[in-house]
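Residue numbers (our numbering), protein chains in the order written: chain A, 1 to 87; chain B, 1001 to 1194.
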């Protein structure tokens, strides 16, 4: 089975930390700019995808399991984002 | 009883045990219901929700996210080290538990801060959901830390075969990543989407 290498994991970890800090402290985060809601939505999906694929190692798992976990991420993240936009 | 080729392939490629994944999916379903409930409250009572969000501190949310992501990274490295049969592999799981403890400390401070200013489970629907869902998550982090330490101790002291060691390491790492992924969704729900 092919797993992410240690340098690969380190790169992904640093990317996750950077995305977290950049989105949290980006200008306008607390001022209700709708475009930022979708940036947060996209970044959350990317972060979740990295964890599912490379940290959880579901890249090698049967696709049904990977799709169920990513489906959970997609449904919950979309629900909280859409209710923030339209609520 | 012989297993079919399909079952064999499923067991071979899933990190940890198949039974663990039934448990993890059930956990995700429980958290999913809570998060969807949160979203529904926001839709029905947006002003109350926004007022509640503004009482939470973004810095706490960010520190906790960085701590859990770092714990996940260390657990993933630990799995690599166990596969390489490194004698120091248990230290990665101890480090993941130590980083997880930062989350417990910061979250408890946040609870104490809110409680001391009069916000409790009974304040309104927002805080009922907030305390219930985050404390449920808190208990999962606490359980994860205990199991990480137990697995680390077992890895250090046992002379089990490499297959058992790999499965134990993959199992606790998968649990920790599940806890992490739930927090990845709770972060925007509670701190970012204002």
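Where a beta carbon is used, it is the ideal one built from N, C-alpha and C, also for glycine.
When DSSP states are grouped into helix, strand and coil, residue 1016 of chain B belongs to the coil group. Cβ contact annotation for residue 1149 of chain B (same chain, cutoff 6 Å, sequence separation greater than five): 1097, in chain order. Using a C-beta cut-off of 8 Å, the stretch 1071 to 1090 of chain B makes contact with the stretch 1161 to 1180 of chain B, since at least three inter-stretch Cβ pairs fall below that distance. The Cβ-Cβ distance between residue 1063 of chain B and residue 48 of chain A does not fall below 9 Å.
Between residue 1094 of chain B and the set B:1190, B:1112, B:1173, the nearest pair of CA atoms involves B:1173. In the three-state scheme derived from DSSP, where H, G and I count as helix and E and B as strand, residue 1108 of chain B is classed as helix. DSSP places residue 1145 of chain B in the uninterrupted alpha helix (DSSP H) bounded by 1125 to 1157.
Around the CB of residue 35 of chain A, fewer than 16 other CB atoms lie within 10 Å, so the residue is classed as exposed. For residue 35 of chain A, not one C-beta of chain B is nearer than 9 Å to its own C-beta.
DSSP places residue 52 of chain A in no alpha helix (DSSP H); its state is neither H nor E.
The three-state reading of DSSP puts residue 1161 of chain B in coil, since its state is none of H, G, I, E or B. Listed in chain order, the non-local C-beta contacts of residue 1104 of chain B below 8 Å within the same chain comprise 1138, 1141, 1142, 1145, local neighbours out to five positions each way being set aside.
Listed along chain A are 44, 48, 73, 76, 77, 80, each with a C-beta nearer than 8 Å to that of residue 1185 of chain B.
Residues of chain B with a Cβ closer than 8 Å to the Cβ of residue 7 of chain A do not exist; the shortest Cβ-Cβ separation is about 11 Å. The three-state secondary structure of residue 1051 of chain B, taken from DSSP, is helix.
Between residue 37 of chain A and residue 1085 of chain B, the alpha-carbon positions lie close to 45 Å from each other. Of all residues in the stretch 1016 to 1039 of chain B, only 1021, 1024, 1025, 1028, 1029, 1031, 1032, 1035, 1036, 1038, 1039 come within less than 9 Å of chain A when Cβ atoms are compared, listed by chain position. Residue B:1033 holds the alpha-carbon nearest to the alpha-carbon of residue 1182 of chain B among B:1099, B:1033, B:1171, B:1042. From the beta-carbon of residue 1042 of chain B, the residues of chain A found nearer than 8 Å are 80, 83, 84, 87. At a cut-off of 9 Å, the C-beta of residue 1101 of chain B has no neighbouring C-beta in chain A.
Contact annotation: the stretch 1057 to 1072 of chain B does not touch the stretch 1019 to 1038 of chain B, with fewer than three C-beta pairs closer than 8 Å. For the C-beta of residue 1193 of chain B, the chain A residues within less than 8 Å are, from N- to C-terminus, 37, 40, 80, 81, 84. Residue-level contact by beta carbon fails for residue 1106 of chain B and chain A, as no gap is shorter than 9 Å.
Per DSSP, the continuous alpha helix (DSSP H) segment holding residue 81 of chain A begins and ends at 63 to 86.
Considering only beta carbons, the part of the stretch 1076 to 1102 of chain B lying closer than 7 Å to chain A consists of 1076, 1077, 1080, in chain order.
Assignment of residue 47 of chain A by DSSP, reduced to helix, strand and coil, places it in the helix class.
Chain order gives the chain A residues near residue 1180 of chain B as 51, where near means a beta carbon separation below 7 Å. The stretch 68 to 80 of chain A and the stretch 41 to 55 of chain A touch, with no fewer than 3 CB-CB distances between them shorter than 8 Å.
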